[in-house]
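So in this note's numbering, the last spot in the sequence shown is 188, and the numbers never skip.
Glycine included, C-beta positions come from ideal geometry on N, C-alpha and C.
This structure is a prediction, so every number in the text was calculated from the model and none was measured.
What follows is one structure encoded as structure tokens, with my remarks underneath.
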Amino acid sequence: MKTVLASRTIDIPDGVEVEIASRFVKVKGPRGELKRDFKHINMDLRKVGSKSIRVDLWFANRKQLACVRTVCSHIDNMIVGVTRGFCYKMRFVYSHFPINVTLAGDVVEIRNFLGEKRVRKVKLLDGVKYIRSADVKDQIELTGNDIANVSLTAAQIQQNTNVRKKDLRKFLDGIYVSEKGALPEED
């Protein structure tokens with residue numbers, strides 16, 4: 002059964018500019034600018050006044066209705082990204098061989114994982130910054146405006162330290178996401 006009209010609104014906070022031109026969304030804020038294309042989803046995206054965005058979907062089935070909330074969440078994440086930014090904290094877990102992680106240009110190099118000689122390399126995606134935590138031992142922080150790039154970089158680092166051909170209950174070594182979310186607001 003089709004729903005006649007599914008509609009959601011998103012509020013635009015102060016200090017954020019949103020431009021919408023044929024489902025291409027551009028969000029500008031104090032931390033920078035993010036762009037995203039939603040042309041693969043058939044729906045109406047329009048600004049209502051200067052302080053809100055309305056997403057409409059006419060005569061949609063169940064799978065298409067799910068896209069309304071998804072698009073709203075993406076736009077919300079873009080707004081949070083240009084105002085506060087996102088941070089993923091990752092911890093090193095090892096039992097014997099200490100994992101050595103360094104930054105060479107825009108490539109994260111992982112050495113001595115399970116005592117292996119092979120150097121694992123992960124390229125930082127656009128707009129992602131790598132910080133080695135000073136106060137916590139064996140922790141790195143990935144920060145940036147685009148949640149997709151920050152989380153994808155974290156996932157690639159975690160997947161690069163997968164243990165293969167060993168008992169996973171015993172070999173728990175790796176680099177895992179310990180904390181994630183938006184950066185605290187600056188006063």
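Exercise for review: Could you check if residue 61 is buried or exposed, using at least 16 other CB atoms within 10 Å of its CB as the buried criterion?
Suggested key: Reading the sequence shown from its first residue, position 60 is the one you call residue 61. It is buried - the Cβ of residue 61 has at least 16 other Cβ atoms within 10 Å.
Practice item. Kindly confirm or deny that the region 62-74 and the region 33-52 touch, where touching means at least three C-beta pairs closer than 8 Å. Key: Yes, the region 62-74 touches the region 33-52.
Review point. By how many angstroms is the C-alpha of residue 100 removed from the C-alpha of residue 189?
Key: Outside the displayed range of the chain (2 to 188) lies residue 189, so it cannot be described from this structure.
Check your understanding: Straight-line CA distance for residue 118 to residue 10?
Key -> Here residue 118 refers to the residue found at position 117 when the sequence shown is read from its first residue. Here residue 10 refers to the residue found at position 9 when the sequence shown is read from its first residue. Approximately 53 Å between the Cα atoms of the pair.
Review point. In three-state terms, what does DSSP make of residue 174?
Key: Here residue 174 is taken as the residue at index 173 of the sequence shown, counted from 1. Coil, per DSSP.
Review point. Residue 102 and residue 173 look like a contact to me (Cβ under 8 Å); what is the Cβ gap, rounded to whole Å?
Key: Here residue 102 corresponds to residue number 101 of the sequence shown, with the count starting at 1. Here residue 173 corresponds to residue number 172 of the sequence shown, with the count starting at 1. The beta-carbon distance between residue 102 and residue 173, rounded to whole angstroms, is 17 Å. This is too long to meet the 8 Å contact definition.
Check your understanding: Between residue 107 and residue 125, is the Cβ-Cβ spacing less than 8 Å?
Key -> Position 106 of the sequence shown holds residue 107. Position 124 of the sequence shown holds residue 125. Closer than 8 Å, so yes.
Check your understanding: Closest to residue 180 by CA distance: which of 155, 162 and 163 is it?
Key -> Start at 1 with the first residue of the sequence shown, and residue 180 comes out as number 179. Per the Cα distances, 155.
**Study point:** CB-CB length for residue 32 against residue 146, believed under 8 Å
**Key:** For the purposes of this step, residue 32 is taken as residue 31 along the sequence shown, with counting starting at 1. For the purposes of this step, residue 146 is taken as residue 145 along the sequence shown, with counting starting at 1. About 5 Å; that satisfies the 8 Å criterion.
**Study point:** Classification of residue 16 by the beta-carbon crowding that lies within 10 angstroms, buried from 16 upward
**Key:** On the sequence shown, residue 16 is found 15 positions in, with the first residue counted as 1. So residue 16 counts as exposed.
Review point. Where in the region 83-142 do unbroken runs of the beta strand (DSSP E), each at least 3 residues long, occur, reported from the N-terminal end onward?
Key: Fully enclosed beta strand (DSSP E) runs of 3 or longer: 87-94, 101-105, 108-112, 121-124 and 130-133.
**Study point:** Reference residue 152, options 110, 136 and 82, closest by Cα
**Key:** On the sequence shown, position 151 is the one that residue 152 refers to. Comparing Cα positions, the closest option is 82.
Practice item. State the beta-bridge partners of residue 10 as determined by DSSP. Key: Counted from its first residue, the sequence shown places residue 10 at position 9. In the DSSP output, where bridge partners are listed per residue, residue 10 has 55.
Review point. What are the boundary residues of the alpha helix (DSSP H) that residue 151 is part of?
Key: Taking the sequence shown and counting its residues from 1, the one referred to as residue 151 is at position 150. Taken as a continuous stretch (DSSP letters only), the alpha helix (DSSP H) holding residue 151 covers 148-161.
**Study point:** Run of the beta strand (DSSP E) containing residue 24, from where it starts to where it stops
**Key:** For the purposes of this step, residue 24 is taken as residue 23 along the sequence shown, with counting starting at 1. No beta strand (DSSP E) holds residue 24; DSSP gives it neither H nor E.
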